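Below: the structure, in structure tokens.
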Amino acid sequence: MGMMVSSDDSEDDVIGTINTTPLVDIMLVLLIIFLITVPVAIHTVPVKLPEEKNTPYANKPENIQLAVNKNGDVFWNEKYIEDKATLMTRLQAEAQKRPQPEVHIRGDQQTHFDAIDQVINATKHAGIGKIAFVTTPPASP
1270 MGMMVSSDDS EDDVIGTINT TPLVDIMLVL LIIFLITVPV AIHTVPVKLP EEKNTPYANK
1330 PENIQLAVNK NGDVFWNEKY IEDKATLMTR LQAEAQKRPQ PEVHIRGDQQ THFDAIDQVI
1390 NATKHAGIGK IAFVTTPPAS P
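In my numbering, the protein residues as written are 1270 to 1410.
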């Protein structure tokens, strides 16, 4: 008849520490693999690259602001233009510049379309390529 004697040191106790030996072994193997394969993967063809030259960009010309009030009067950057001939000569002078400036037209809400149409036609005949309209965005709800 056998009797089982229990001691304080039981073999069924849980070990609370992590065995780091396999982890270190795996990390060393990966390190060796990367040390061998990286120089093979980075093999490049020797190429002489072109040198960069610093050249300043051409400044964009200032946009022309044309405003037409409800009476049909035309304003060039907030300065009154007396007649259409003066407007045409100034627009032709601006059309000769390279790069060409943009013309931004602001029309009063009460302005008749004929007055704005005359400004658009004068701008086209002067040779200006870019015409834009300035509007007020709608109010957010």
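Think of the CB as a built atom: it goes at the ideal place given N, C-alpha and C, for glycine as much as any other residue. Since the structure is predicted, the reported quantities are computational estimates derived from the model, not experimental observations.
What separation, rounded to the nearest whole angstrom, lies between the Cα atoms of residue i and residue j?
| i | j | result |
| --- | --- | --- |
| R1375 | D1383 | 14 angstroms |
| V1283 | P1291 | 19 angstroms |
| I1311 | F1303 | 12 angstroms |
| P1330 | Q1387 | 24 angstroms |
| E1320 | T1313 | 19 angstroms |
| A1408 | K1399 | 28 angstroms |
| Q1369 | A1395 | 12 angstroms |
| A1336 | E1371 | 14 angstroms |
| G1341 | L1318 | 60 angstroms |
| I1295 | I1301 | 10 angstroms |
| L1299 | T1286 | 24 angstroms |
| V1309 | A1401 | 58 angstroms |
| A1362 | A1354 | 12 angstroms |
| P1406 | K1348 | 25 angstroms |
| V1316 | T1324 | 24 angstroms |
Output needed for residue i: all residues of its chain with C-beta closer than 7 angstroms, excluding positions within five of it in sequence on either side, in chain order.
| i | result |
| --- | --- |
| I1350 | V1343, F1344 and L1356 |
Can you tell which of the options has its C-alpha closest to the C-alpha of residue i?
| i | options | result |
| --- | --- | --- |
| D1352 | D1377, R1367 and A1391 | A1391 |
| I1333 | T1405, V1307 and L1360 | L1360 |
| T1404 | Q1378, V1298 and G1285 | Q1378 |
| K1268 | L1299, Q1365 and I1385 | Nothing about residue 1268 can be reported from this structure: the residues present for the chain run from 1270 to 1410 only. |
| Q1365 | T1289, I1397, N1288 and K1322 | I1397 |
Helix or strand or just coil, what does DSSP make of residue i?
| i | result |
| --- | --- |
| V1314 | coil |
| V1283 | coil |
| Q1334 | strand |
| R1375 | strand |
| V1309 | helix |
| V1343 | strand |
| T1413 | Residue 1413 falls outside the range modelled here, since the chain spans only 1270 to 1410, and no answer is possible. |
Between which two residues does the alpha helix (DSSP H) harbouring residue i extend?
| i | result |
| --- | --- |
| I1389 | F1382 to A1395 |
| K1353 | K1353 to A1364 |
Need the endpoints of the beta strand (DSSP E) that residue i sits in, please.
| i | result |
| --- | --- |
| K1231 | The shown model of the chain, from 1270 to 1410, leaves out residue 1231, and the question about it has no answer. |
| A1401 | I1400 to F1402 |
Tell me which residues share the same chain as residue i and place their Cβ nearer than 8 angstroms to its Cβ, disregarding the 5 neighbours each side in the sequence.
| i | result |
| --- | --- |
| T1306 | none |
| N1346 | I1333 and Q1334 |
Excluding the 5 residues preceding and the 5 following residue i in the sequence, name in chain order all residues of the same chain whose CB lies nearer than 6 angstroms to its CB.
| i | result |
| --- | --- |
| H1373 | N1332, Q1334, A1401 and V1403 |
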